[in-house]
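There are 2 protein chains.
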Amino acid sequence: MNKEIPKITEAELEIMKVLWSKSPQTANEIIESLEPKMDWKPKTIRTLINRLAQKEAVSYHQEDGRMYEYYPLVSQERFLQVETKSLLRHFYGTSLKPLLVNFLKEEKLSPEDINELKQILDEKSEENQRKDRRK
Amino acid sequence: MNKEIPKITEAELEIMKVLWSKSPQTANEIIESLEPKMDWKPKTIRTLINRLAQKEAVSYHQEDGRMYEYYPLVSQERFLQVETKSLLRHFYGTSLKPLLVNFLKEEKLSPEDINELKQILDEKSEENQRKDRRK
DNA sequence: AAATTAAGATTACATTTGTAATATTATCTT
DNA sequence: AAGATAATATTACAAATGTAATCTTAATTT
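Going line by line, the protein sequences match chains Z and P. Just so you know, we're using the working numbering here: the first sequence kicks off at 3 and counts up by one. Just so you know, we're using the working numbering here: the second sequence kicks off at 3 and counts up by one.
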């Protein structure tokens, strides 16, 4: 597991997002979701869907006759994970704290989330102390 | 302040990274830094530098005669901030907790950093409670 | 000063991405 | 069944990006 995922472009990402929000969906449903916000022609959206299918970021099965229903092959979690990893790799050695601060401030977090994050921070504290003691 | 920053492509980002690590640098110095890791011809690297100059992500001044010394016009902090904002905007409404968890795990943080982050989390906790009480 | 070298400037060309239009084909109407 | 409709498939084309090569010109070497 943990395979490579195909490169997904900006425009294609919009398709993925609607499929992540609900799946499966027909091409027409996707088009309906996107036409207002993106100002794309239906044909454009179909092209993007097809490209995603070619690169196996989505797949489909025939539903009730002629139409396809599409669903993502790449999960949002996986996608985000890969994107973040890539960012981290790029900026390896750079202080990311300012960025973390930004994140934490902007993000709405549930109490459970907050506790989990604090716990992770505690774990890091302990790690540090263990290392300190060894020195 | 807080102006738009120009779009910087993957390849161009490599140039920015070497200029962020040390600046100013001549084209040749940049080339030396990059040739081993990226397998690019010097001319390729010069093209990328020029494109960055055109889009005003870097600038230069003439040093000792014919050669230019290049320096970034976009700071690394600003770049990261914009990139992350864009990621956040994309995934507005999505739980970014897994992503944060990833970040926290990978990042080496000093004890002071950790405390600062915990404090931010505490503040968020309080916010939540205040909101709860109001309901 | 003429020839050589080496910066920087300009131009080139393939691939990827954005943005569709046209062609084909399966289904629905009449 | 013939025509109309509406999906999917195929093709198109401009802009952005990756990856250089050639051209021009200023500096260095003979």
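In this text, a Cβ means the ideal position worked out from N, Cα and C, and glycines have one as well.
According to DSSP, simplified to helix, strand and coil, what is residue i?
i                      : result
residue 46 of chain P  : helix
residue 86 of chain Z  : helix
residue 77 of chain Z  : coil
residue 31 of chain P  : helix
residue 61 of chain Z  : strand
residue 6 of chain Z   : coil
residue 71 of chain Z  : strand
residue 24 of chain P  : coil
residue 112 of chain Z : coil
residue 105 of chain Z : helix
residue 40 of chain Z  : coil
residue 54 of chain Z  : helix
residue 124 of chain Z : helix
residue 134 of chain Z : helix
residue 119 of chain P : helix
Quick one: using the 10 Å Cβ neighbour count with 16 as the cut-off for buried, is residue i buried or exposed?
i                      : result
residue 38 of chain Z  : exposed
residue 126 of chain Z : buried
residue 94 of chain Z  : exposed
residue 74 of chain Z  : buried
residue 18 of chain P  : buried
residue 35 of chain Z  : buried
residue 6 of chain P   : exposed
residue 131 of chain P : exposed
residue 27 of chain P  : buried
residue 128 of chain Z : exposed
residue 16 of chain P  : buried
What does a CB cutoff of less than 6 Å around residue i pick up in its chain, not counting 5 residues either side in sequence?
i                     : result
residue 78 of chain Z : 22
For residue i, collect the residues of the same chain with a Cβ closer than 8 Å to its Cβ; drop the 5 residues on either side in sequence, then sort them by chain order.
i                      : result
residue 122 of chain Z : none
residue 70 of chain P  : 28, 29, 62, 63 and 64
residue 81 of chain P  : 7, 10 and 18
* Asked: Do the segment 97-107 of chain Z and the segment 106-117 of chain P meet, that is, are 3 or more Cβ pairs less than 8 Å apart?
  -> Yes, they touch.
* For the segment 43-51 of chain P against the segment 38-52 of chain Z, are there 3 or more C-beta pairs whose distance is under 8 Å? -> Contact between the segment 43-51 of chain P and the segment 38-52 of chain Z is absent, because fewer than three Cβ pairs lie under 8 Å.
* To do: Indicate whether the contact test is met: 3 or more Cβ pairs, each with one atom in the segment 8-16 of chain Z and one in the segment 64-74 of chain Z, closer than 8 Å.
  => Short answer: they don't touch.
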